[in-house]
Amino acid sequence: MSNRKYTEKNNEKCEFDIENISEAVEHHIRHIAYLSLRKWILGIGLLILTLSGIVLSAGIGPVRVPPTMTARILISHIPGFGGIWNNLKKENSAKLEELQDSLLSIQNQGLESNINAKSEKDVDKTKEDIFILKDKIRDLENYEIWVWHGRMPRIIVALLVGAGLSVSGVIFQGLVMNPLASSGTLGISAGSATGASIFIVLGSGIKAIEFSWGIPISAFAGGLITMGLVWFVARSGRGTTSPLSLILAGVIVGIFLGSLMSFIMIIAEEESLRALTLWGVGSLASREWMQVKMAVPIIIFGILLAIINARDLNALSLGAEQARNLGINVNRSRQILMITAAVITAGAVSVSGPIGFVGLVIPHSVRMLIGPDHRIVIPFSALGGGIFLLICDTVGRTIASPLELPVGIVTSLIGAPFFVYIYKTRIRSGAVIT
Amino acid sequence: MDIVGKKIEFSYGSNKILDGIDFEIGHGKFVGLLGPNGCGKTTLVGLISGTHHLRHGEITIDGTSVRNISARNMAKFLAIVPQFNVISFPFTGLEIVMMGRYPFKERFSKFSDKDIEICLKYMSITDTLQFAKRPVNMLSGGERQRVILARALAQQPKILILDEATSNLDIRHTVSFLSKVRELGIDNGITVISAMHDLNLASMFCDEILMMEKGKILASGSVNHVLTKENIELVYKTPVKVKKQDDGKISVHLEIPN
Chain H
81 MSNRKYTEKN NEKCEFDIEN ISEAVEHHIR HIAYLSLRKW ILGIGLLILT LSGIVLSAGI
141 GPVRVPPTMT ARILISHIPG FGGIWNNLKK ENSAKLEELQ DSLLSIQNQG LESNINAKSE
201 KDVDKTKEDI FILKDKIRDL ENYEIWVWHG RMPRIIVALL VGAGLSVSGV IFQGLVMNPL
261 ASSGTLGISA GSATGASIFI VLGSGIKAIE FSWGIPISAF AGGLITMGLV WFVARSGRGT
321 TSPLSLILAG VIVGIFLGSL MSFIMIIAEE ESLRALTLWG VGSLASREWM QVKMAVPIII
381 FGILLAIINA RDLNALSLGA EQARNLGINV NRSRQILMIT AAVITAGAVS VSGPIGFVGL
441 VIPHSVRMLI GPDHRIVIPF SALGGGIFLL ICDTVGRTIA SPLELPVGIV TSLIGAPFFV
501 YIYKTRIRSG AVIT
Chain G
321 MDIVGKKIEF SYGSNKILDG IDFEIGHGKF VGLLGPNGCG KTTLVGLISG THHLRHGEIT
381 IDGTSVRNIS ARNMAKFLAI VPQFNVISFP FTGLEIVMMG RYPFKERFSK FSDKDIEICL
441 KYMSITDTLQ FAKRPVNMLS GGERQRVILA RALAQQPKIL ILDEATSNLD IRHTVSFLSK
501 VRELGIDNGI TVISAMHDLN LASMFCDEIL MMEKGKILAS GSVNHVLTKE NIELVYKTPV
561 KVKKQDDGKI SVHLEIPN
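This is the structure in structure tokens:
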């Protein structure tokens, strides 16, 4: 009892202002509602940006396709909407038939009642119309080939790889509690690159590039094996892996793989050396539906898994001890997230080669925009990373056309100054994260 | 909730940290855990909370072994404020405190207005309402510690473990926080275990004290029974004067060793 009395006496002196709490509660409920509305608006905006980015990018290139046409072609590939494009084609061929019929009848008339000036003019006019229409039909066919078979696979790969690299960046940063980590820090992209390189060199006899599944599969395997290796090195005797040991193991394994790559390049023959260099900078050139089929399930599955575990990542980003105290099964959650990020990275790198800066710039920008809650950061990074890489790739393939800049070069050229810019603004605003 | 520990041993590699610890902490008690640096206080509370894996010996909470309590279930009744906290990401104060509601919420369920009210109430108790919208990585160490304290309270625990939780706070916030915790503890039957260094604070707030030295419990029991000149000088190797005050509480005065 004496203790209690003490407390009461003490409270008179040190009580904090609990009077205003209902006001504060109301204020924060309103503020949280505002923040959530803001997130929805930003999210929908990003979605619209992505969709219009797809349409525009599919129309830009050596053969320009008007956006209305691109949109029609793309929509026509959604099941049930095929009519929107096919009807246009049908309309045109019907018109062509009609014109050809009328040409025939005019010519027949002309034959019957001798050629006069008027019908001759009609014949010429109709012939010209037919010529224009045929041209138009050929254009439409070309459009479809360019948009759907030429550019669309590449666009989808760009969106997926950008989304994948950003999300894996977010996961790695949360796991090692360091906003500067990425799939590069933990050596996993180096592992994928090594896997692909080994295949290119060993397979050069059978023309590695032509066996199209070879590089993606070996890169994917290389990434996963490297993750296992990093995990094994980082594991302490008691079966736990601390963030610091993960970074250390990642750096060590990464340096080792870097040397291995140099060694491979030295012993490689002229022909495979060119393939190695091209693959090593990260490029999305001549991607086909095959790569899309490989990347789609892996990366989408990974991102969904990441979203499911986003709340655990929030807690883990405060460290193992705090996470455990918030009810997280630390070792299991870490393993799930680590494997998720590694699978996404390997999936992305296997179809694009190592592309830098995406996993760093996008998560940073997203956190600046909507805060660090991973439940929001992960879907936003997926969208933002996708559109960022799509823009970079579109710029890369059009800016110096017919020469093509590999997307890896463009992301670094755009990404590095952009990163410096946001970092400097953050320092000025005092919200720098270290 | 009652916490009982029996024959607890723990080592880091070949380094023995805890060497046969037995203790009993009764329901609703405010227990101080005292002892010099490196005597195993943090390890002991880590074993109780499940942060460390218990290998040898047994700890039970209301009769259930801590080995059989999942992290999620543990977080529903036990909160711990760690000695150190690192927050690298710009979560706002309110976001951090809301994490204290995670154990009670499913992965995707939204926070209710009630949750927000609970969080703000405890933020007001630790005087952190003004940090609700500010990124915590920009706060000072003590301010951040108070946010973490609010989060622990927002878990509305039945057992609250403070691991030198007030070591970064100024005296106003220290005294205010501990007395608030005491009051909440008495009202709601919360068992509090507080590892601490300040003997006077321990004497002011604790019902009982466990005094540790080199991985063993040296003395346990009521404050006046444990905080004797002999015990303190034996454990801390520092000369002190122990005085009894008017309200029956003990105050400890340091003396400069000759």
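These protein sequence lines map, in sequence, to chains H and G.
So for the first sequence, the numbering used here puts the first residue at 81; every next one is plus one.
So for the second sequence, the numbering used here puts the first residue at 321; every next one is plus one.
Idealized CB from N, CA, C, for every residue including glycine.
Quick caveat: nothing in here was measured; it's all calculated off a predicted structure.
Could you spell out the range, first to last residue, of the beta strand (DSSP E) harbouring Glu426 of chain G?
Position 106 of the second sequence holds residue 426 of chain G. No beta strand (DSSP E) holds Glu426 of chain G; DSSP gives it neither H nor E.
For Thr362 of chain G, which residues in the same chain have their Cβ closer than 6 Å to its Cβ, ignoring the five residues on either side in sequence?
By one-based count along the second sequence, residue 362 of chain G stands at place 42. Cβ neighbours of Thr362 of chain G within its own chain (closer than 6 Å, five residues either side excluded): Asp483.
Which of the three DSSP states is assigned to Ala288 of chain H in this structure?
Here residue 288 of chain H is taken as the residue at index 208 of the first sequence, counted from 1. Because the pLDDT at Ala288 of chain H is just 48, under 50, the model does not fix this residue reliably, and the value given afterwards should be weighed accordingly. Ala288 of chain H: coil per DSSP, three-state reduction.
How should Ser132 of chain H be labelled, buried or exposed, when 16 other C-beta atoms within 10 angstroms of its C-beta is the threshold for buried?
Position 52 of the first sequence holds residue 132 of chain H. Looking at its Cβ environment, which holds fewer than 16 other Cβ atoms inside 10 Å, Ser132 of chain H is exposed.
Put Ser263 of chain H into one of helix, strand or coil per three-state DSSP.
By 1-based counting over the first sequence, the position of residue 263 of chain H is 183. Here Ser263 of chain H carries a coil assignment [DSSP, helix/strand/coil].
Pair within 8 Å by beta-carbon distance, Pro443 of chain H and Val135 of chain H:
By one-based count along the first sequence, residue 443 of chain H stands at place 363. By one-based count along the first sequence, residue 135 of chain H stands at place 55. Not a contact, by the Cβ cut-off of 8 Å.
Roughly how many angstroms separate the alpha carbons of Leu574 of chain G and Pro559 of chain G, rounded to a whole number?
For this step, residue 574 of chain G is matched to residue 254 along the second sequence. For this step, residue 559 of chain G is matched to residue 239 along the second sequence. Looking at the backbone, the Cα of Leu574 of chain G and that of Pro559 of chain G are separated by about 7 Å.
I need the DSSP call for Val256 of chain H, collapsed to helix, strand or coil.
Residue 256 of chain H sits at position 176 when you count from the first residue of the first sequence. Per DSSP, reduced to three states, the secondary structure at Val256 of chain H is coil, with no helix or strand assignment.
Specify, as a first and last residue, the run of the beta strand (DSSP E) that Thr511 of chain G falls within.
The sequence position of residue 511 of chain G within the second sequence is 191, counting from 1. 511-515 is the extent of the beta strand (DSSP E) around Thr511 of chain G.
Among H:Glu177, H:Gly275, H:Leu398, H:Ser185, whose alpha-carbon lies nearest the alpha-carbon of Val456 of chain G?
Residue mapping note: residue 456 of chain G aligns to position 136 of the second sequence, counting from 1. Ranked by Cα distance from Val456 of chain G, the options H:Glu177, H:Gly275, H:Leu398, H:Ser185 are led by H:Leu398.
Does at least one heavy atom of the ligand FMN sit under 7 Å from the Cβ of Ile552 of chain G?
In terms of ligand content, the structure shown is empty, and the ligand FMN therefore cannot be addressed.
For Gly476 of chain H and Glu484 of chain H, believed in contact at Cβ under 8 Å, the rounded distance:
Taking the first sequence and counting its residues from 1, the one referred to as residue 484 of chain H is at position 404. Taking the first sequence and counting its residues from 1, the one referred to as residue 476 of chain H is at position 396. About 6 Å; that satisfies the 8 Å criterion.
For the segment 403-420 of chain G, which residues have a beta carbon sitting closer than 9 Å to at least one beta carbon of chain H?
Taking 9 Å as the Cβ-Cβ cut-off against chain H, the residues of the segment 403-420 of chain G that qualify are Phe404, Asn405, Val406, Ile407, Ser408, Phe409, Pro410, Phe411, Thr412, Leu414, Glu415, Ile416, Met419, Gly420.
DSSP has Gly325 of chain G in a bridge; who is on the other side?
Within the second sequence, numbered from 1, the residue matching residue 325 of chain G stands at position 5. The partner list for Gly325 of chain G (beta bridge, DSSP) reads G:Phe343, G:Ile379.
So, at 6 Å on beta carbons, what are the nonlocal neighbours of Ala151 of chain H in its own chain, with the 5 sequence-adjacent residues on each side left out?
Here the question's residue 151 of chain H lines up with position 71 in the first sequence. Excluding the 5 residues flanking it on each side, Ala151 of chain H has same chain C-beta neighbours closer than 6 Å at Val135, in chain order.
On a CA-only basis, which of G:Met394, G:Ser331, G:Glu415 is nearest Leu374 of chain G? Give me that one, please.
As a working mapping, residue 374 of chain G is identified with position 54 in the second sequence. Considering only alpha carbons, the answer is G:Ser331.
Just how far apart, CA to CA, sit Phe499 of chain H and Pro142 of chain H?
The residue given as residue 499 of chain H occupies position 419 in the first sequence. The residue given as residue 142 of chain H occupies position 62 in the first sequence. Between Phe499 of chain H and Pro142 of chain H, the C-alpha separation is close to 32 Å.
Identity of the residue in H:Leu122, H:Ile140, H:Leu184, H:Gly407 nearest Arg392 of chain G by Cα
If you number the second sequence from 1, residue 392 of chain G lands on position 72. In terms of CA proximity to Arg392 of chain G, H:Gly407 leads the group H:Leu122, H:Ile140, H:Leu184, H:Gly407.
Measuring only the C-alpha atoms, how far is Gln565 of chain G from Leu521 of chain G?
As a working mapping, residue 565 of chain G is identified with position 245 in the second sequence. As a working mapping, residue 521 of chain G is identified with position 201 in the second sequence. Roughly 14 Å separates the two Cα atoms.
For a cutoff of 8 Å on Cβ pairs, would you count Ile494 of chain H as touching chain G?
Within the first sequence, the letter at position 414 stands for residue 494 of chain H. Chain G contact via Cβ: absent.
Span separating the alpha-carbon of Phe336 of chain H from that of Leu309 of chain H
Counted from its first residue, the first sequence places residue 336 of chain H at position 256. Counted from its first residue, the first sequence places residue 309 of chain H at position 229. Separation of Phe336 of chain H and Leu309 of chain H (C-alpha to C-alpha, rounded to the nearest whole angstrom) is 12 Å.
By a C-beta neighbour count over all protein chains shown, 10 Å radius and 16 as the cutoff for buried, is Thr384 of chain G buried or exposed?
Locating residue 384 of chain G in the second sequence gives position 64, where the first residue counts as 1. Counting the other CB atoms within 10 Å of its CB gives Thr384 of chain G a total below 16, which places it among the exposed residues.
So what's Ser277 of chain H in DSSP terms, helix, strand or just coil?
Looking up residue 277 of chain H in the first sequence gives position 197. Reduced to three states, the DSSP call for Ser277 of chain H is helix.
Assess, as a yes-or-no matter, whether the segment 493-510 of chain G is touched by the segment 420-435 of chain H under the definition of 3 or more beta carbon pairs within less than 8 Å.
With fewer than three CB-CB distances shorter than 8 Å, the segment 420-435 of chain H does not count as touching the segment 493-510 of chain G.
Does the beta carbon of Val105 of chain H come closer than 8 Å to any beta carbon on chain G?
For the purposes of this step, residue 105 of chain H is identified with residue 25 of the first sequence, where counting begins at 1. Chain G contact via Cβ: present.
Relative to the C-alpha of Phe343 of chain H, which candidate in H:Val281, H:His454, H:Leu393, H:Pro377 has its C-alpha closest?
Here residue 343 of chain H is taken as the residue at index 263 of the first sequence, counted from 1. Closest option to Phe343 of chain H, Cα to Cα, is H:Val281.
Report back the beta-carbon spacing between Ile379 of chain H and Leu240 of chain H to the nearest angstrom; my notes put them in contact at under 8 Å.
The residue given as residue 379 of chain H occupies position 299 in the first sequence. The residue given as residue 240 of chain H occupies position 160 in the first sequence. The pair is a contact, with the Cβ atoms about 5 Å apart (cut-off 8 Å).
Label Gln450 of chain G either buried or exposed according to how many other C-beta atoms from any shown protein chain fall within 10 Å of its C-beta, with 16 as the threshold for buried.
Residue 450 of chain G sits at position 130 when you count from the first residue of the second sequence. That one is exposed.
Looking only at DSSP bridge pairs, what is His573 of chain G linked to?
Locating residue 573 of chain G in the second sequence gives position 253, counting from the first residue. The beta-bridge partner set that DSSP reports for His573 of chain G consists of G:Lys561.
Tell whether a beta-carbon distance below 8 Å holds between Leu463 of chain H and Leu126 of chain H.
Mapped onto the first sequence, residue 463 of chain H falls at position 383. Mapped onto the first sequence, residue 126 of chain H falls at position 46. The answer is yes: Cβ separation under 8 Å.
From Ala402 of chain H to Leu547 of chain G, what distance separates their C-alpha atoms?
Residue numbering aside, residue 402 of chain H sits at position 322 when the first sequence is read from its first letter. Residue numbering aside, residue 547 of chain G sits at position 227 when the second sequence is read from its first letter. What sits at residue 402 of chain H in the sequence shown is Gln, not Ala. When rounded, the distance between both Cα atoms is 32 Å.
At a cut of 8 Å, does the segment 412-421 of chain H reach the segment 350-369 of chain H through at least three beta carbon pairs?
Contact between the segment 412-421 of chain H and the segment 350-369 of chain H is absent, because fewer than three Cβ pairs lie under 8 Å.
Beta strand (DSSP E) containing Asp483 of chain G: first to last residue?
Here residue 483 of chain G refers to the residue found at position 163 of the second sequence. Element bounds for Asp483 of chain G: 479-483.
Of the residues G:Val386, G:Gln476, G:Lys534, the one placed nearest Asn508 of chain G, counting alpha carbons only:
As a working mapping, residue 508 of chain G is identified with position 188 in the second sequence. The residue among G:Val386, G:Gln476, G:Lys534 with its C-alpha nearest the C-alpha of Asn508 of chain G is G:Gln476.
Answer with yes or no whether the minimum CB distance from Arg391 of chain H to chain G is below 8 Å.
What you label residue 391 of chain H is simply residue 311 of the first sequence in a count that begins at 1. By this cut-off, Arg391 of chain H is an interface position.
I need the DSSP call for Gly355 of chain G, collapsed to helix, strand or coil.
If you number the second sequence from 1, residue 355 of chain G lands on position 35. Judged by DSSP in its simplified three-state form, Gly355 of chain G adopts coil rather than helix or strand.
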